[in-house]
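Mapping to full-length UniProt numbering: the sequence shown position 43 is 43, numbers consecutive.
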Amino acid sequence: MSSSVQVNDAVLITPSEPTPNHILQLSALDSQLFVRFTFEYLLVYKPRHGLDRAAATENVKSALGRALVPYYPLAGRVRNRADGMGLEVVCRGQGALFIDAVSDSTVSQFDGAPRRRAQWRKFLSLHVADVLMGAPPLVVQLTWLLDGGATLGVGFNHCLCDGIGSGEFLNSFAELAIGKRGLNELSPKPTWGRHLLNPTAFGSNRGNSLSHPEFKSVPISAGSLLGSFEKDCLLLPSRSTKIS
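Laid out in structure tokens, this is it:
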């Protein structure tokens, strides 16, 4: 698959309505080095006759801004906490990156998996390697194809979002774009609750600690163990009986 992609515009899309202005702490699990990567989607759409590309692009941008209202942490920026105990998200409505592009590819060229992943890399031009450098944790690229189709490349930083959460965001994003639901009708509602994944939440209240007797040691002396064995041992016959 040999194709070119030309980026026409790249803008920050901010939430369409006011969102909380605060700092959210990520859990100890979310702050691990192995989850500080970007995972990506590439969605391919067939051509639609008579579609106005300019109007459709503006509609997608508008839907993204509305989706960022309930999912406002995706419009924030990730940084190290001052106490060095993990990461946090500064939520100031900074915005997600939206890229508008065109390509000489066609929908039929996406029928099978590429021989090399780099062949599709250009359909999400910005790959965020380190979210701690101030890059947005969410990147969306709409690329119009030669035959009138389109691709939507979406990159999420894993420390903010997992597979289920990203899927729910994409569903809400799509429903807002096609007018299936309004902003107040989205379901399920996104929740933060990262403190539930933090081990300090369990160790901070010793009174609620659970007892696990199955892990406690049982004192057994050598004498009692030997006596128990003698009682339970099998008695062997004193002589053998020949069976003819």
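We treat Cβ as the ideally placed atom computed from N, Cα and C, and that holds for glycine. From a predicted model like this one, the values you see are computed outputs, not experimental measurements.
- By the neighbour-count criterion, in which a residue is buried when 16 or more other Cβ atoms sit within 10 angstroms of its Cβ, S187 is exposed.
- DSSP places A28 outside any alpha helix (DSSP H), giving it a letter other than H or E.
- The Cβ atoms of V102 and Q25 lie no closer than 8 Å to each other.
- For G155, the enclosing beta strand (DSSP E) starts and ends at 150-157.
- For D111, the number of other beta carbons within 10 angstroms of its own is below 16, and it is reported as exposed.
- In this structure, the alpha-carbon of N59 lies about 6 Å from that of A177.
- Rounded to whole angstroms, the gap between the alpha carbons of P47 and D9 is 22 Å.
- In the three-state reduction of the DSSP assignment, N59 falls in the helix class.
- Rounded to whole angstroms, L170 and C159 show a C-alpha spacing of 17 Å.
- In the structure shown, the three-state DSSP call for Q141 is strand.
- Contact check for D147 and V107: beta-carbon distance about 6 Å, within the 8 Å limit, so the pair qualifies.
- The segment 48-110 contains, as complete beta strand (DSSP E) runs of 3+ residues, the segments 77-80, 87-91, 96-103 (chain order).
- One Cα belongs to H195, the other to D30, and the distance between them is close to 10 Å.
- Q32: not part of any alpha helix (DSSP H); DSSP gives it neither H nor E.
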